[in-house]
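Student: In our numbering, the protein residues as written are 3 to 366. Ideal Cβ placement from N, Cα and C applies to all residues, glycine included. Computed from a predicted model, the values in this text were never measured in an experiment. The following block contains the structure, expressed as structure tokens.
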């Protein structure tokens with residue numbers, strides 16, 4: 003993996019992110035969205051598994067921004083055409099394939115333009131498009147990042163980057179605390195799920211990358227790193243528990259400032275993990291990294307697979323809820339393994355061949 007062995011731990015975090023999302027959707031689809039009374043503390047990670055999307059956004063902030071931060075530090079240039087090709091090869095082939103199959107399956111070919119331009123979400127293409135909102139947000143970040151770099155290059159000044167971060171946070175805070183008025187509930191939801199509403203996670207990732215590129219992330223020995231990591235996980239659990247108890251499973255929509263709390267907790271965990279540079283769960287991290295490798299396929303495929311299995315549950319005579327849950331998880335992983343090796347991996351290899359000086363990991 004390029005970028006140094008310390009960055010391998012980010013693959014572990016990517017695996018955790020998709021695991022949280024996958025388990026949350028499967029559990030709530032089979033057993034319902036209400037967290038049972040007296041549920042164990044760790045169930046907060048299940049019913050608030052949508053926080054995995056926040057972690058995905060933060061990881062994108064770390065990894066995608068590194069070439070820009072390095073170019074800004076070294077006074078080098080960035081080939082924006084190459085950047086666009088790299089991003090397109092990463093997400094378009096599989097997304098367009100799933101989008102095409104989804105439109106054919108659901109009879110929604112009128113959504114073709116919206117699918118092509120990342121405008122389809124919610125139930126526009128049936129169950130296929132319910133998670134596509136995050137791809138829209140990701141693409142917005144891909145577009146805003148080079149624009150911010152061009153502004154930095156045009157204006158210059160060592161304080162410009164911190165200033166941009168401060169201004170960004172000010173705008174986000176004004177939005178999430180209601181200082182910027184919104185004319186409808188639908189617009190409020192759309193803004194909350196856009197780059198603006200999710201920008202604390204991206205900005206946190208960029209700041210972590212900034213510290214990493216400056217060599218400001220220390221090397222922590224295991225006896226120091228592990229207690230800090232455990233403390234970070236406890237902090238995250240407390241945050242998610244509070245959000246669930248106060249705002250329910252849809253806390254991200256009902257309480258937009260939640261993204262700030264999530265971003266802080268995940269940032270602490272990511273910084274400690276980078277400082278440690280060790281696999282998060284020892285040899286078992288291989289499983290997390292495998293999930294991280296196929297995470298894009300998993301993200302796009304798990305909801306349609308879940309929907310089909312639940313729709314056919316009676317016909318298949320699947321009476322045991324736990325068996326249905328396991329079947330959803332297994333089918334999602336197996337299907338994603340196939341699409342990764344048939345579609346994603348060839349595109350990743352092409353992407354890496356076209357990248358003259360690889361900076362970011364293969365799976366970015």
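Am I right that residue 58 and residue 19 are in contact with their C-beta atoms under 8 angstroms? What's the rounded C-beta distance?
Tutor: Their Cβ separation, rounded to whole angstroms, is 5 angstroms, which keeps residue 58 and residue 19 in contact under 8 angstroms.
Student: Does the segment 226-236 come close enough to the segment 245-264 that 3 or more CB-CB pairs lie under 8 angstroms?
Tutor: The segment 245-264, when compared against the segment 226-236, does not touch it at the 8 angstroms Cβ threshold.
Student: Given that a residue counts as buried once 16 or more other Cβ atoms are within 10 Å of its Cβ, and exposed if not, what is residue 26?
Tutor: Residue 26 comes out buried.
Student: Over the uninterrupted beta strand (DSSP E) stretch that includes residue 129, give me the two end residues.
Tutor: Note, residue 129: beta strand (DSSP E), 126-129.
Student: Sorted by chain position, which residues of the same chain lie with C-beta nearer than 6 angstroms to residue 206's C-beta, five sequence neighbours on each side aside?
Tutor: Same-chain partners within the cutoff: 60, 265, 269.
Student: Taking residue 37 as the reference, which of 288, 274, 243 has the closest Cα?
Tutor: Among 288, 274, 243, the Cα nearest to that of residue 37 is on 243.
Student: Are at least three pairs of beta-carbons, each pair with one atom in the segment 291-303 and one in the segment 91-104, less than 8 angstroms apart?
Tutor: Short answer: they touch.
Student: When the Cα atoms are used, what is the spatial distance from residue 200 to residue 56?
Tutor: Going by the C-alpha atoms only, they are around 8 angstroms apart.
Student: Let's see if you can read the secondary structure: which residues bound the alpha helix (DSSP H) around residue 348?
Tutor: Taken as a continuous stretch (DSSP letters only), the alpha helix (DSSP H) holding residue 348 covers 347-356.
Student: Whose C-alpha, out of 305, 8, 314, is nearest the C-alpha of residue 338?
Tutor: Per the Cα distances, 305.
Student: Applying the 10 Å Cβ sphere with the 16-neighbour rule, what's the burial state of residue 35?
Tutor: Burial call: exposed.
Student: With distances taken Cα to Cα, identify the nearest neighbour of residue 225 among 214, 278, 213.
Tutor: The shortest C-alpha separation from residue 225 is found at 278.
Student: Pop quiz: residue 139 and residue 126 are said to be a contact at Cβ under 8 angstroms. What is the actual Cβ separation, rounded to whole angstroms?
Tutor: Contact flag wrong, Cβ pair sits at about 16 angstroms.
Student: What is the rounded straight-line gap between the Cα of residue 144 and the Cα of residue 86?
Tutor: For residue 144 and residue 86, the distance between alpha carbons rounds to 8 angstroms.
Student: Measuring only the C-alpha atoms, how far is residue 40 from residue 246?
Tutor: Cα-Cα distance, rounded: 14 angstroms.
Student: Contact between the segment 68-84 and the segment 206-216: three or more CB pairs below 8 angstroms?
Tutor: The answer is yes - the segment 206-216 touches the segment 68-84, with three or more Cβ pairs under 8 angstroms.
Student: Sort 344, 345, 313 by Cα distance to residue 32 and report the nearest one.
Tutor: When each option's Cα is compared against that of residue 32, the closest is 313.
Student: Leaving out five residues on either side along the sequence, give the residues of the same chain with a beta carbon under 6 angstroms from the beta carbon of residue 267.
Tutor: These residues qualify, in order along the chain: 237, 238, 241.
Student: Alpha carbon to alpha carbon, how far is residue 44 from residue 335?
Tutor: Taking the straight line from one Cα to the other gives about 23 angstroms.
Student: Give the DSSP-derived three-state secondary structure of residue 86 in the structure shown.
Tutor: Correct three-state label for residue 86: helix.
Student: Could you tell me which of 194, 89, 130 sits nearest to residue 350, measuring between CA atoms?
Tutor: Nearest C-alpha to residue 350: 89.
Student: Does DSSP put residue 4 in a helix, a strand or coil?
Tutor: Legend: pLDDT at residue 4 = 44, less than 50; position of this residue unreliable, value from coordinates given subsequently. Correct three-state label for residue 4: coil.
Student: Mind reading off the beta-carbon distance from residue 2 to residue 282? Whole number of angstroms is fine, and I expect it under 8 angstroms.
Tutor: Residue 2 lies beyond the stretch modelled for the chain, which goes from 3 to 366, so this question has no answer here.
Student: Under the rule that 16 or more other beta-carbon atoms within 10 Å means buried, what is residue 84, buried or exposed?
Tutor: Classification for residue 84: exposed.
Student: Return the Cβ separation of residue 311 and residue 328 in integer angstroms, given the expectation that the two are a contact with Cβ distance under 8 angstroms.
Tutor: Not really, about 11 angstroms apart at Cβ, beyond 8 angstroms.
Student: Which same chain residues, not among the five before or five after residue 302, have their C-beta less than 7 angstroms away from its C-beta?
Tutor: Hits under 7 angstroms: 96, 97, 100.
Student: From which residue to which residue does the alpha helix (DSSP H) around residue 116 run?
Tutor: Its alpha helix (DSSP H) spans residues 114-118.
Student: Rounded to the nearest angstrom, how far is the Cβ of residue 24 from that of residue 331, given a contact under 8 angstroms?
Tutor: Rounded, the Cβ-Cβ distance is 7 angstroms, consistent with contact.
Student: So, helix, strand or coil for residue 319, using DSSP?
Tutor: Coil.
Student: Can you tell me whether DSSP reads residue 46 as helix, strand or coil?
Tutor: Of the three classes helix, strand and coil, the one that applies to residue 46 here is helix, per DSSP.
Student: Would you please state the rounded distance, in angstroms, between the beta carbons of residue 79 and residue 211? I believe it to be under 8 angstroms.
Tutor: 19 angstroms between Cβ atoms; not a contact.
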